[in-house]
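Peer 1: Take a look at the following structure, please.
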Amino acid sequence: MLAKSTEYAIRALVFIELLNQEGNRPGVKQIAREIASPEAYTGKIMQILTKQGLVRSMKGRGGGFFFDHATRPLSLQKIIRVMEGESYFNKCGLGFNGCDSHAPCPIHSEYITAKKELFDLFEKQTIESLAQNVKDGLAVLNRPM
Numbered sequence: 016m017l018a019k020s021t022e023y024a025i026r027a028l029v030f031i032e033l034l035n036q037e038g039n040r041p042g043v044k045q046i047a048r049e050i051a052s053p054e055a056y057t058g059k060i061m062q063i064l065t066k067q068g069l070v071r072s073m074k075g076r077g078g079g080f081f082f083d084h085a086t087r088p089l090s091l092q093k094i095i096r097v098m099e100g101e102s103y104f105n106k107c108g109l110g111f112n113g114c115d116s117h118a119p120c121p122i123h124s125e126y127i128t129a130k131k132e133l134f135d136l137f138e139k140q141t142i143e144s145l146a147q148n149v150k151d152g153l154a155v156l157n158r159p160m
């Protein structure tokens with residue numbers, strides 16, 4: 016449902032949140048290892064997230080990625096908009112162009128309802144809440160091999 020880059024972005028931001036809570040700033044290599052993402056791909060994702068202001072970075076000793084308190088709370092919806100684009104929440108369930116109530120696709124009515132629920136979920140869930148779930152042992156960022 017989400018692009019792989021968006022999945023990695025969310026997982027990376029949760030990991031950064033967890034380490035920031037401990038006073039640490041992870042680098043790309045550490046993030047990639049923790050979320051099981053290729054390092055170069057993770058680097059590109061982190062560039063996007065930094066450029067869009069969702070996370071900050073600092074080079075050198077003691078550097079790494081960290082959150083600016085002005086971006087809090089950070090909803091999944093905001094991350095999805097950055098990674099997938101504004102159109103993500105407006106797409107047709109079957110990929111039709113111009114699908115609407117006047118010219119609906121076969122699953123239009125049901126898809127609108129499901130899309131609304133998903134939109135609400137992504138607005139409600141934040142990086143902070145996901146990190147808390149991981150911290151509490153209710154969720155994991157990566158499956159052990």
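For the sequence shown, the numbering used here gives the first residue as 16, with consecutive numbering after it.
For every residue, glycine included, the Cβ atom is placed at its ideal position computed from N, Cα and C.
Here the structure is a predicted model, which means the values were calculated and not measured.
Could you name the residues of the same chain whose beta carbon sits closer than 6 Å to that of ALA146, not counting the 5 residues immediately before and after it, in chain order?
Peer 2: The residue given as residue 146 occupies position 131 in the sequence shown. If we look at ALA146 and ignore the five residues flanking it on each side, its Cβ neighbours are VAL29, GLU32, LEU33.
Peer 1: Can you tell me which of the three DSSP states SER124 falls into?
Peer 2: In the sequence shown, residue 124 corresponds to position 109, counting from 1. Three-state DSSP puts SER124 in a helix.
Peer 1: Counting along the chain, where does the alpha helix (DSSP H) carrying PHE30 start and finish?
Peer 2: Taking the sequence shown and counting its residues from 1, the one referred to as residue 30 is at position 15. 19-36 is the extent of the alpha helix (DSSP H) around PHE30.
Peer 1: Jot down the residue ranges of each uninterrupted alpha helix (DSSP H) in the region 89-143, minimum 4 residues, whole runs only, in chain order.
Peer 2: 91-99, 123-139
Peer 1: How about GLU49: is its Cβ closer than 7 Å to a heavy atom in the ligand GTP?
Peer 2: This structure simply doesn't include the ligand GTP, nor any ligand for that matter.
Peer 1: By the three-class DSSP mapping on this structure, what secondary structure does ARG48 have?
Peer 2: The residue labelled residue 48 in the question sits at position 33 within the sequence shown. DSSP places ARG48 in helix when its eight states are reduced to three.
Peer 1: Excluding the 5 residues preceding and the 5 following ILE122 in the sequence, name in chain order all residues of the same chain whose CB lies nearer than 8 Å to its CB.
Peer 2: What you label residue 122 is simply residue 107 of the sequence shown in a count that begins at 1. Cβ neighbours of ILE122 beyond the five flanking positions: GLY108, LEU109.
Peer 1: Would you report the Cα separation of PHE81 and GLU22, rounded to the nearest angstrom?
Peer 2: Here residue 81 corresponds to residue number 66 of the sequence shown, with the count starting at 1. Here residue 22 corresponds to residue number 7 of the sequence shown, with the count starting at 1. Those two C-alpha atoms are separated by around 19 Å.
Peer 1: Given a threshold of 16 other Cβ atoms within 10 Å of its Cβ, counted over all protein chains shown, does ILE87 qualify as buried or as exposed?
Peer 2: Here the question's residue 87 lines up with position 72 in the sequence shown. For the record, residue 87 in the displayed sequence is Arg; it is not Ile. Exposed: under 16 other Cβ atoms inside 10 Å.
Peer 1: Would you call the CB atoms of PHE134 and SER90 closer than 8 Å?
Peer 2: Residue mapping note: residue 134 aligns to position 119 of the sequence shown, counting from 1. Residue mapping note: residue 90 aligns to position 75 of the sequence shown, counting from 1. Taking 8 Å as the Cβ cut-off, PHE134 and SER90 do not qualify as a contacting pair.
Peer 1: Assuming GLY79 is part of the beta strand (DSSP E), what are its boundary residues?
Peer 2: The count along the sequence shown starts at 1 and reaches residue 79 at position 64. Looking at the DSSP string, the run of the beta strand (DSSP E) that includes GLY79 is 79-81.
Peer 1: Just to confirm before moving on: does the CB-CB distance between ALA27 and MET73 stay below 8 Å?
Peer 2: Here the question's residue 27 lines up with position 12 in the sequence shown. Here the question's residue 73 lines up with position 58 in the sequence shown. Going by C-beta atoms, ALA27 is not nearer than 8 Å to MET73.
Peer 1: Measure the Cβ-Cβ separation of ILE63 and VAL97 and say whether it is below 8 Å.
Peer 2: Against the sequence shown, residue 63 aligns to sequence position 48. Against the sequence shown, residue 97 aligns to sequence position 82. Closer than 8 Å, so yes.
Peer 1: Would GLY79 pass as a contact of PRO41 if the rule is Cβ separation under 8 Å?
Peer 2: Residue mapping note: residue 79 aligns to position 64 of the sequence shown, counting from 1. Residue mapping note: residue 41 aligns to position 26 of the sequence shown, counting from 1. Yes. Within cutoff.
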